[in-house]
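These notes are about the structure you will find just below.
There are 2 protein chains.
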Amino acid sequence: MIRELIAKNRTYRRFYQDVEVSQETLRELIDLARLSSTGGNLQSLKFVLSQTLETNKRIFKTLKWAGYYKDWDGPEEGERPSAYVVVLHDQSISKGFFWDHGIAVQSILLGATEKGLGGCQFNSIDRVALAQELHLPEHFAIATVIALGKPKEVVVIEEVNESGDIKYWRDQQGIHHVPKRALDDLIFKVEA
Amino acid sequence: MIRELIAKNRTYRRFYQDVEVSQETLRELIDLARLSSTGGNLQSLKFVLSQTLETNKRIFKTLKWAGYYKDWDGPEEGERPSAYVVVLHDQSISKGFFWDHGIAVQSILLGATEKGLGGCQFNSIDRVALAQELHLPEHFAIATVIALGKPKEVVVIEEVNESGDIKYWRDQQGIHHVPKRALDDLIFKVEA
């Protein structure tokens, strides 16, 4: 059951932009992050919810899409995300935040997948510009951004081939291919 | 559905040590991490699976348990984890690993919860000692450790009270209490 949801939760970069994601839906997703584990139970992550055309635009222009696609700058108008969650680290609570952003994002995206939505997580963010766009107080650092919407593309997982190349790629039909390493290649066997 | 699983997935520190976790179960859990997102699709995390008394002992002695419990050094013999997953960063693949350990651990622990197991994630690890115990090659760095087993304690979530104290605590019945911030306290509202 959880395996199916995890397998279905792929990274999507094109969306049915006219399908809205409600404020209530975003709050339900943040509540999943709230219920998840955080290092030392510090709960130092905060969240900006965006699902209006205006704030979505402010966020979109600070993101760099799909590093391995050299000739694609991101989704065109009409295929852009309907919503975003900006994950902030509240530095007035703690110095660091361990792995909390990974856990929070996985909970949020699994919840989104269950609702028929999908998303994409960003590290390539113009953080200075985004902090200005959102008028963030200085004690907030931007940990990551999640784009959300109803996916408008097909993503398939396949095995890494002999070349060992893990770069995702898009075929002529627009299908996004993601090479994954084999299970045995991820396990390090300890000597007795 | 995913909400119930996330709510049930609490941090457990005492286990029915005689309930074994099979190698096959651990492999199924690692496969959930394998199917999960990784930054740039780099897949630089590797995993050590431990479920024998001997390797479990080697790992146990390098862990520091429950930072907020000043008078408790961890579970006694008989209540210790039946298994561990040591999450490694393979530095021959990439310099960093983004939020990958958080995502991987959340997938693993949600899978464990579904199977009636539970666990605890560690950052307080004697990494030098553990690398020696496991004879890790130099290109591996220890990202985190997950202890796993059949939980032998009750964990309850409650609201953070007026003091704002987020420290978890154990009552006289041995019930572990985890104060969580309210949803509205996690949401930062952006000015228009």
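For the record, the sequence lines run as chains A and B. For the first sequence, the numbering used here gives the first residue as 1, with consecutive numbering after it. For the second sequence, the numbering used here gives the first residue as 1001, with consecutive numbering after it. Virtual Cβ for every residue (Gly too), placed ideally from N, Cα, C.
Can the beta-carbon of residue i be found less than 9 Å from the beta-carbon of residue j?
i          : j          : result
B/Leu-1156 : B/Ile-1175 : The sequence as given places Val at residue 1156 of chain B; Leu does not occur at that position. Against a cut-off of 9 Å, the Cβ pair of B/Ile-1175 and B/Val-1156 comes out as a contact.
A/Glu-153  : A/Ser-82   : no
B/Leu-1035 : A/Lys-180  : yes
B/Arg-1080 : B/Asn-1056 : yes
A/Gly-102  : A/Ala-147  : no
A/Leu-134  : A/Asn-9    : no
B/Asp-1100 : A/Arg-3    : no
B/Gln-1017 : B/Glu-1077 : yes
A/Asp-126  : A/Leu-63   : yes
A/Ser-107  : A/Ala-33   : yes
A/Ser-22   : A/Trp-65   : no
A/Lys-61   : A/Ala-129  : yes
A/Pro-137  : A/Tyr-12   : no
A/Phe-97   : A/Ser-163  : no
B/Glu-1158 : B/Leu-1005 : no
Name the chain A residues that come within less than 8 Å of residue i, Cβ to Cβ?
i          : result
B/Val-1154 : Near B/Val-1154 there are no residues of chain A at all, since even the closest Cβ is about 17 Å away, more than 8 Å.
Chain A partners of residue i, CB-CB under 9 Å?
i          : result
B/Arg-1013 : Within chain A, no residue comes near B/Arg-1013; the closest Cβ sits about 13 Å away, beyond 9 Å.
Once the 5 residues before and after residue i are set aside, which same chain residues still bring their CB inside 6 Å of it?
i         : result
A/Lys-46  : Leu-88, Asp-90
A/Gln-132 : none
For a contact defined as C-beta to C-beta under 8 Å, what are the partners of residue i on chain B?
i         : result
A/Tyr-168 : Asn-1041
A/His-135 : Val-1190, Glu-1191
A/Leu-186 : Ile-1030, Ala-1033, Arg-1034, Gln-1043, Leu-1045, Lys-1046, Phe-1047
Show which residues of chain A have a CB atom less than 7 Å away from the CB atom of residue i.
i          : result
B/Val-1178 : Asn-41
B/Ile-1006 : Leu-32, Leu-35, Ser-36, Ser-107
Strictly below 9 Å CB to CB, what residues from chain B border residue i?
i         : result
A/Ile-146 : Here the premise fails: no neighbours, minimum Cβ distance about 11 Å.
A/Ile-2   : Ile-1002, Leu-1005, Leu-1032, Ser-1107, Leu-1110, Gly-1111, Thr-1113, Glu-1114
For residue i, which residues from the same chain have a beta carbon less than 7 Å from its beta carbon, with the 5 sequence-adjacent residues on both sides left out?
i          : result
B/Asp-1185 : none
A/Asp-171  : His-177
A/Gly-116  : Lys-150
What does residue i touch in chain B if you count any residue whose Cβ is under 7 Å from its own?
i         : result
A/Leu-183 : Arg-1027, Ile-1030, Asp-1031, Arg-1034
What does a CB cutoff of less than 8 Å around residue i pick up in its chain, not counting 5 residues either side in sequence?
i          : result
B/Trp-1169 : Tyr-1068, His-1176, His-1177
B/Asn-1161 : Pro-1179
B/Lys-1189 : none
query = Counting Cβ pairs, one atom from each stretch, are 3 or more of them under 8 Å apart for the stretch 1082-1101 of chain B and the stretch 1133-1146 of chain B?
reply = yes
Which of the residues in the stretch 1096-1126 of chain B, read from start to end, lie with their CB under 7 Å from any CB of chain A?
Of all residues in the stretch 1096-1126 of chain B, Phe-1098, Trp-1099, Asp-1100, His-1101, Gly-1102, Ile-1103, Val-1105, Gln-1106, Ser-1107, Leu-1110, Gly-1111, Glu-1114, Gln-1121, Asn-1123 have a Cβ within less than 7 Å of some Cβ in chain A.
Is the stretch 49-60 of chain A touching the stretch 22-29 of chain A, taking contact as three or more C-beta pairs under 8 Å?
yes
For the stretch 14-37 of chain A, which residues have a CB atom closer than 7 Å to at least one CB atom of chain B, in sequence order?
Arg-27, Ile-30, Asp-31, Leu-32, Arg-34, Leu-35, Ser-36, Ser-37
Exercise. In the stretch 1045-1075 of chain B, which residues sit with their C-beta less than 9 Å from some C-beta in chain A, listed in chain order?
Worked result: Leu-1045, Lys-1046, Phe-1047, Val-1048, Leu-1049, Ser-1050, Thr-1052, Glu-1054, Thr-1055, Arg-1058, Gly-1067, Tyr-1068
Exercise. What are the residues of the stretch 1075-1093 of chain B that lie near chain A, defined by any Cβ-Cβ distance shorter than 8 Å?
Worked result: Leu-1088
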